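S.K.: Residue numbers (the working numbering), protein chains in the order written: chain A, 109 to 246; chain B, 109 to 246. From the three backbone atoms N, C-alpha and C, an ideal C-beta is built for every residue, glycine too. Here the structure is a predicted model, which is why all the values come from computation and not from measurement. First the structure, which I've put down as structure tokens, then a few questions once you've had a look.
In structure tokens form, the structure reads like this:
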């Protein structure tokens, strides 16, 4: 197994609402308005929105209904950009879990949840490199 | 917000066990043996293992304790490779959630959970392109 992730699927209860949220953040999908799955090209991988019940059934797991131990993160090129993205997520209908602040590991971060409760940390990590294409290197 | 994911953090109850599992799949980390977070460079992004309690607290969410609506996927270059990765995950101590089989969308996939219950679909999707560097394009 190569050391990579191809796809992150976010199970959603209201696909239209979730799609509108990510589109409000500037994300673009080629999905038709009534498609039952929405794929976003996200750098070298893909983020999908799909019914949470179908995803649980397809995955072969029981759904605990809440947060399940996975947090996504979006890294920025500056601390100021963290505040901008958190504000953008709040304006788009996300819930601000934690406003931007300095962290114990020497960076600056905040966190939001999308309307389905999927959590994103937004972080500036001065120890990591972000390339022009958005890829991140340790 | 650019259309990308920088980091996927998997909250774990037993960091050593989780680390051994991913290393058994061939993944390599520069973390020291007693580091409390393990980062894997995964293509243009990063996968991290960190204490699930700390991750919940840091994220600002309640932990439901089980699966929370996110499934990761690893796409292969052939159907046969799906079976090989599922077998590898089972041998490494993962739970096989679904053996490889043809799917309703014209591909071939199976699924496993890591020892912490984080679910991975392993899929061959003939409609998507995997580049030499492992990046996936819709």
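Since residue 195(A) and residue 114(B) should fall inside the 8 Å C-beta cutoff, what is the C-beta to C-beta distance between them, to a whole number of angstroms?
M.R.: Not confirmed; about 19 Å, so no contact.
S.K.: What did DSSP end up calling residue 133(A) once you bin it into helix, strand or coil?
M.R.: The answer is coil: DSSP assigns residue 133(A) none of H, G, I, E or B.
S.K.: Let me check one thing: in DSSP terms, what residues is residue 158(B) bridge-paired to?
M.R.: For residue 158(B), which the question treats as bridged, DSSP gives the partners 119(B) and 145(B).
S.K.: Could you tell me which of 165(B), 243(B), 144(B) and 222(B) sits nearest to residue 200(B), measuring between CA atoms?
M.R.: The residue with the shortest Cα to Cα distance from residue 200(B) is 222(B).
S.K.: According to DSSP, is residue 229(A) helix, strand or coil?
M.R.: Correct three-state label for residue 229(A): strand.
S.K.: Taking Cβ-Cβ distances below 8 Å as the criterion, which residues of the stretch 177 to 188 of chain A are in contact with chain E?
M.R.: Chain labels in this structure do not include chain E; the protein chains are A and B.
S.K.: Tell me whether residue 167(A) sits in a helix, a strand or coil according to DSSP, three-state version.
M.R.: Note: residue 167(A) maps to helix in three-state DSSP.
S.K.: Tell me the DSSP secondary structure of residue 198(B) in three-state form.
M.R.: Of the three classes helix, strand and coil, the one that applies to residue 198(B) here is helix, per DSSP.
S.K.: In chain order, what residues of the same chain lie with their CB nearer than 8 Å to the CB of residue 154(A), ignoring the 5 residues before and after it?
M.R.: Here the set comprises 114, 115, 116, 147 and 148.
S.K.: Whole angstroms are fine: how far does the CA of residue 129(B) sit from the CA of residue 156(B)?
M.R.: When rounded, the distance between both Cα atoms is 13 Å.
S.K.: For a test of the three-state rule: what should DSSP assign to residue 124(B), helix, strand or coil?
M.R.: If DSSP states are grouped into helix, strand and coil, residue 124(B) belongs with the helices.
S.K.: May I ask you to check if the CB of residue 110(A) is nearer than 8 Å to at least one heavy atom of the ligand PLP?
M.R.: In terms of ligand content, the structure shown is empty, and the ligand PLP therefore cannot be addressed.
S.K.: With three or more C-beta pairs closer than 8 Å as the rule, is the stretch 160 to 177 of chain B touching the stretch 161 to 175 of chain A?
M.R.: The stretch 161 to 175 of chain A is in contact with the stretch 160 to 177 of chain B.
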